[in-house]
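Asks: Under full-length UniProt numbering, the letters of the sequence shown match residues 1 to 180, in that order. Heads up, the beta-carbon is just placed ideally off N, CA and C, and yes, glycines get one too.
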Amino acid sequence: MSMDVLTNVSENVCGDSVPRKIRKVEEEEVKKGDRIAQFICERIAHCNYVELKMSSERQQPAAELTGQKSADQANDSAKHARIVQRKTLALLSAIDARTTQELQEVEFIAEDVSNMKNTLRYILARVDKLTNPVERKQRQATERPWSKSPEESTSSKAQQLPPHDCPKCTFCEPCHYSCH
Numbered sequence: 001m002s003m004d005v006l007t008n009v010s011e012n013v014c015g016d017s018v019p020r021k022i023r024k025v026e027e028e029e030v031k032k033g034d035r036i037a038q039f040i041c042e043r044i045a046h047c048n049y050v051e052l053k054m055s056s057e058r059q060q061p062a063a064e065l066t067g068q069k070s071a072d073q074a075n076d077s078a079k080h081a082r083i084v085q086r087k088t089l090a091l092l093s094a095i096d097a098r099t100t101q102e103l104q105e106v107e108f109i110a111e112d113v114s115n116m117k118n119t120l121r122y123i124l125a126r127v128d129k130l131t132n133p134v135e136r137k138q139r140q141a142t143e144r145p146w147s148k149s150p151e152e153s154t155s156s157k158a159q160q161l162p163p164h165d166c167p168k169c170t171f172c173e174p175c176h177y178s179c180h
């Protein structure tokens, strides 16, 4: 079956072509990933700036760190370092939560796409079955018993074997049982 038929069938079933939907979902996921990456880069740059500032404060000569003023500066630096550490940990946990949520959404979308593929396979199998001339004749013969003569209807019933427990027999849709 050609891709055009698949596209037409999927457009009729889903309202839009599946490849277009998949492309749209992929583009949205890439945009989300770009936003997260940009957010992480901004936070890392800010943390690097704060760390650089703190290290430059620590490198001041010991003579400047005398008296009450130097003690206040040291306390402020320690407070600032604790605040930055808490914010960084909170940021990392938020990033982890968002990443987990994004992964769950991607898994859900992948499962949805898989379900769509299975549905389309089923539809294509039905279309193939409906368009196959041999199966169409068999189906018409079984679907319209009123169009047969009484002799034909009894002979077709005689050909259909009842269910039995022969281990060598397999079930076959068009002929019901095929004994080997």
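Reducing DSSP to helix, strand and coil, say where ASN118 ends up.
Replies: Helix, per DSSP.
Asks: Whose CA, out of LEU120, VAL113, ARG126, lies closest to the CA of GLU26?
Replies: Closest by alpha carbon: VAL113.
Asks: With DSSP as the reference, label residue 183 as helix, strand or coil.
Replies: For residue 183 there is no data in the structure shown, the boundaries of the chain being 1 and 180.
Asks: At the level of alpha carbons, what is the spacing between LYS21 and ILE109?
Replies: Taking the straight line from one Cα to the other gives about 11 Å.
Asks: Our contact map puts ALA74 next to MET54 with C-beta atoms below 8 Å; I'd like the distance itself, whole angstroms only.
Replies: Going by Cβ atoms, the distance from ALA74 to MET54 rounds to 11 Å, so no, they are not a contact pair.
Asks: Indicate whether the contact test is met: 3 or more Cβ pairs, each with one atom in the region 86-95 and one in the region 35-52, closer than 8 Å.
Replies: The region 86-95 vs the region 35-52: in contact.
Asks: Please state whether the Cβ-Cβ distance between LEU130 and ARG136 is less than 8 Å.
Replies: Cβ atoms of LEU130 and ARG136: closer than 8 Å.
Asks: Just confirm the distance between the C-beta atoms of GLU102 and LYS32, as a whole number of angstroms; I'd bet it's less than 8 Å.
Replies: Right, the Cβ-Cβ distance comes to about 6 Å (below 8 Å), so this counts as a contact.
Asks: Does any heavy atom of the ligand SAH sit closer than 7 Å to the C-beta of GLN73?
Replies: Ligands are entirely absent from the displayed structure, and the ligand SAH is therefore not among its contents.
Asks: Which of helix, strand or coil does DSSP assign to ALA75?
Replies: Reading off the sequence, residue 75 comes out as Asn, not Ala. Helix, per DSSP.
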